[in-house]
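Enquirer: Residue numbers (the working numbering): 1 to 111. C-beta atoms are modelled at their ideal positions from N, C-alpha and C, and glycine is treated no differently. All values reported here derive from a predicted model rather than from experimental measurement. Starting off with a structure, shown below.
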């Protein structure tokens, strides 16, 4: 394997394509209970479960698998842009941010 010293310029038309080809393998390296959304350079992990404890456990497992894959693939996760939010119709006793951004759209619990 050869180390890369140059990449595609940020903001160029070709920028997202090599990244998508590179990161596409992530979805095959996370547990089945996790759904991976990839768009341009954004990655979102979704986990669904009726039981809160199982949901949290599965979410942590999925995130840890993604971190492991990124470390193996020489990618760094931008911790300042990493957030988690639990969406539920029931009242939660869980720390949730006021909102998260998903592809530029503000998602909150005001529904």
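#1: Do you know how far the Cα of residue 83 is from the Cα of residue 64?
#2: Checking the sheet assignment: what are the DSSP bridge partners for residue 100?
#3: Per DSSP, what are the beta-bridge partners of residue 36 in this structure?
#4: What's the gap between the Cα of residue 109 and the Cα of residue 101?
#5: Cβ-heavy atom distance between residue 38 and the ligand MN below 6 Å?
#6: Across the stretch 72 to 79 and the stretch 31 to 38, are there enough close Cβ pairs to call them in contact, namely three or more that are closer than 8 Å?
Expert: In short, the structure shows the following:
#1: The sequence position of residue 64 within the chain shown is 64, counting from 1. The sequence position of residue 83 within the chain shown is 83, counting from 1. Between residue 64 and residue 83, the C-alpha separation is close to 14 Å.
#2: Position 100 of the chain shown, counted from the first residue, corresponds to residue 100. Its beta-bridge partners are 107.
#3: For this step, residue 36 is matched to residue 36 along the chain shown. Its beta-bridge partners are 45.
#4: Locating residue 109 in the chain shown gives position 109, counting from the first residue. Locating residue 101 in the chain shown gives position 101, counting from the first residue. Using only the alpha carbons, I get a separation of about 12 Å.
#5: With respect to the ligand MN, the structure shown offers nothing to examine, as it has no ligands at all.
#6: With a cut-off of 8 Å, the stretch 31 to 38 and the stretch 72 to 79 do not count as touching, because too few Cβ pairs lie within range.
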